[in-house]
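Asks:
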Amino acid sequence: PDQSKRLVQLIDKHDFLAFVKSLSPGAQAPPDYFPGWMRRAGGYFPKFAQVLSVRADLIKDREVLEQMGRCIEDMPAKPPASVTKHLVHLGFDSSFCRGVGDALNAGSIAQVNAVTFPDGRQAVLKVAWPETKWQYQTE
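Numbering (this note's numbering), first residue to last: 1237 to 1375.
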């Protein structure tokens, strides 16, 4: 059932059929089409793009290879409010959650945010997202 749900998500939300058609011989797509699609689809796809980025034998367009290699680097970060909500849901103390700052970096599985403890100490916090785990398990 989860695989079916993920497939429907890929087809409806991310236009998987257009993605497959763009792989056809002679099809033309802008150089940022494939890595952009993979970033939006999330789950395993950005990691797959990273693997493809070193396969010049399969992908002849140098720009596409370079952009695929940056897929993981260019992942969008979730806002601090989303991080706080997730931490509260996990049972973190609200005084700790109030110290969550901006994202420092985001990847395909998790992101890193600045955090200030209630006593003023500063640190970083790595947050993994449950929907990413679901996507990996179903792919």
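Ideal placement from N, C-alpha and C gives every residue a C-beta, glycine not left out.
Are the Cβ atoms of isoleucine 1308 and serine 1344 separated by less than 7 Å?
Replies: Here residue 1308 refers to the residue found at position 72 when the sequence shown is read from its first residue. Here residue 1344 refers to the residue found at position 108 when the sequence shown is read from its first residue. Yes, they are a contact pair.
Asks: Taking Cβ positions, are aspartate 1268 and glutamine 1303 nearer each other than 7 Å?
Replies: Indexing the sequence shown from 1 puts residue 1268 at position 32. Indexing the sequence shown from 1 puts residue 1303 at position 67. Cβ distance < 7 Å, so aspartate 1268 and glutamine 1303 count as in contact.
Asks: For valine 1363, count the other beta carbons within 10 Å of its own beta carbon; 16 or more makes it buried, fewer makes it exposed. Which is it?
Replies: As a working note, residue 1363 is residue 127 in the sequence shown. Valine 1363 comes out buried.
Asks: Would you tell me roughly how many angstroms separate the C-alpha atoms of glycine 1335 and glutamine 1347, rounded to the nearest one?
Replies: The count along the sequence shown starts at 1 and reaches residue 1335 at position 99. The count along the sequence shown starts at 1 and reaches residue 1347 at position 111. Taking the straight line joining both Cα atoms gives about 16 Å.
Asks: Let me check one thing: in DSSP terms, what residues is alanine 1359 bridge-paired to?
Replies: Taking the first residue of the sequence shown as 1, we reach residue 1359 at position 123. Val1351, per the DSSP bridge assignment.
Asks: Kindly provide the ranges of any beta strand (DSSP E) runs that are 3 or more residues long and lie completely inside the region 1279 to 1332, ordered along the chain.
Replies: none
Asks: Counting beta carbon pairs with one atom in the region 1249 to 1264 and one in the region 1272 to 1290, are three or more of them shorter than 8 Å?
Replies: yes
Asks: Compute the Euclidean distance between the alpha carbons of alanine 1292 and proline 1261, then round it to the nearest angstrom.
Replies: The residue you call residue 1292 lines up with position 56 of the sequence shown. The residue you call residue 1261 lines up with position 25 of the sequence shown. Whole-angstrom Cα-Cα distance: 17 Å.
Asks: DSSP three-state call for glycine 1337: helix, strand or coil?
Replies: As a first step, residue 1337 is located in the sequence shown; it is residue number 101 there, counting from the start. The answer is strand: DSSP assigns glycine 1337 an E or B state.
Asks: Check this for me: beta carbons of valine 1300 and phenylalanine 1270, under 7 Å apart or not?
Replies: Along the sequence shown, read from residue 1 onward, the residue named residue 1300 stands at position 64. Along the sequence shown, read from residue 1 onward, the residue named residue 1270 stands at position 34. Closer than 7 Å, so yes.
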